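Let me begin by presenting the structure, written as structure tokens, before commenting on it.
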Amino acid sequence: MVGMTSPTFSPSLRLSDGHSIPQLGLGVYKVADAHATELVAGAIELGYRHLDTATLYDNERGVGEGMRASGVDRSELFLTTKLWNDDHGYDRALRAFDRSLELLGLDYVDLYLIHWPCPAQDRYVESWRALLRLRDEGRVRSVGVSNFAIPHLERIIAETGEAPVINQVELHPWLPQSAVRAFDRSQGILTESWSPLARGRVLDDPVIGAIAERLGRSPAQVVVRWHLQAGVVVIPKSNSLARVAENARVFDFELSDDDLSRIAALESGERTGKDPEHFG
Ligand SMILES: NC(=O)c1ccc[n+]([C@@H]2O[C@H](COP(=O)([O-])OP(=O)(O)OC[C@H]3O[C@@H](n4cnc5c(N)ncnc54)[C@H](OP(=O)(O)O)[C@@H]3O)[C@@H](O)[C@H]2O)c1
């Protein structure tokens with residue numbers, strides 16, 4: 009077994025609806041359904057309690073099986089899935105959620121997110137109303153959004169009076185998302201980083217490499233630690249259980265103020281994914 013860690017290795021952050029979320033989770037984008045069961049069960053054995061999937065990833069069945077295979081009680085696990093762009097609209101969103109729940113083999117999910125606002129479709133407010141209903145029915149514990157820019161957040165809050173608990177956005181040293189984070193904070197919304205390692209690309213940055221070398225850590229551990237110290241939720245993905253373990257050995261060291269300013273200077277605005285204004 010690769011590097012065992014304590015089952016309580018990640019602190020939890022409080023959501024505005026009173027629930028809480030483990031700050032470190034495992035992302036499973038581009039993990040094959042057939043591999044997801046073993047990877048998820050292995051991650052849970054290492055101490056992970058938070059899994060992030062989506063309809064798009066086509067592995068909800070494997071993720072749900074991995075949760076059951078772990079033998080850890082459902083109540084100790086935190087599962088996020090997401091509404092895909094083809095399923096916007098009130099009725100469609102409700103039906104899409106039913107399909108996700110069936111594939112996962114669960115009777116509730118902890119967090120359901122609108123994956124992208126898809127402004128060109130102009131249906132994200134209807135979808136948001138469907139998520140609020142699922143929450144009110146108890147089939148979803150918490151509801152949130154992903155890739156929402158400030159105007160999209162303002163609109164759902166203005167039209168429904170309800171703010172999401174989480175906004176999951178692309179966020180890493182090249183794209184620290186300061187404006188979105190400040191707005192999220194002002195509304196009690198937690199920010200969650202997707203592609204926190206910039207899909208692995210920021211790990212080759214010489215500044216990250218130098219900090220890692222000085223601390224005797226890997227570049228990935230430095231970047232995950234940077235997210236934790238920024239107070240955001242972070243969900244690095246790896247197909248390898250050894251790297252999943254490595255990415256979690258981040259609770260026994262700290263980046264200094266000097267490290268943080270050197271990393272802050274890496275901001276370039278570079279995205280590794282789509283621009284939410286023009287996608288879907
Ligand atoms: N809401 C959204 O629109 C959205 C979009 C994208 C992603 N996400 C979520 O965010 C999660 C993470 O983002 P991501 O998967 O795009 O990218 P990421 O976590 O930034 O990076 C994953 C890449 O880094 C590599 N890697 C991971 N740990 C490593 C380590 N310790 N050393 C070296 N390389 C390492 C992985 O390779 P190996 O797998 O080969 O180890 C993979 O190629 C996703 O899985 C998904 O859950 C959400």
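Mapping to our numbering: the sequence shown position 67 is 75, numbers consecutive. Glycine included, each C-beta is placed from N, C-alpha and C at the ideal position. Just so you know, these numbers come straight off a predicted model, no measurement behind them.
About 11 Å separates the beta carbon of residue 148 from that of residue 173, a gap too long to meet the 8 Å contact definition.
Rounded to whole angstroms, residue 264 and residue 73 show a C-alpha spacing of 40 Å. Around the CB of residue 276, fewer than 16 other CB atoms lie within 10 Å, so the residue is classed as exposed. When only Cα atoms are considered, residue 112 and residue 39 end up about 15 Å apart. Residue environment for residue 86: buried (at least 16 other C-beta atoms within 10 angstroms of its C-beta).
When distances are taken from the beta-carbon of residue 211 to the heavy atoms of ligand 1, the shortest one is below 7 Å.
Between ligand 1 and the CB of residue 92, the shortest heavy atom gap is not smaller than 7 Å.
The beta-carbon distance between residue 98 and residue 134, rounded to whole angstroms, is 5 Å. This is short enough to meet the 8 Å contact definition. What you get when you keep residues with a C-beta closer than 6 Å to any heavy atom of ligand 1 is 35, 36, 37, 60, 123, 154, 155, 176, 202, 203, 204, 205, 206, 207, 208, 211, 226, 228, 243, 244, 245, 246, 247, 248, 251, 254, 255, 281.
For residue 129, the CB contacts under 8 Å within the same chain, skipping 5 residues up- and downstream, are 93, 96, 288 in chain order. In the three-state reduction of the DSSP assignment, residue 177 falls in the strand class, which pools E and B. For residue 149, the uninterrupted beta strand (DSSP E) segment begins and ends at 148 to 154. Residue 184 carries a coil assignment under DSSP once its states are collapsed to helix, strand and coil.
Beta-bridge partners assigned by DSSP to residue 60: 35, 88. Under DSSP, residue 29 takes part in a beta bridge, and its partners are 21. When C-alpha distances from residue 229 are compared across 240, 203, 189, 261, the shortest belongs to 261. The beta carbon of residue 137 is closer than 7 Å to those of 98, 168 in its chain, skipping five residues each way along the sequence.
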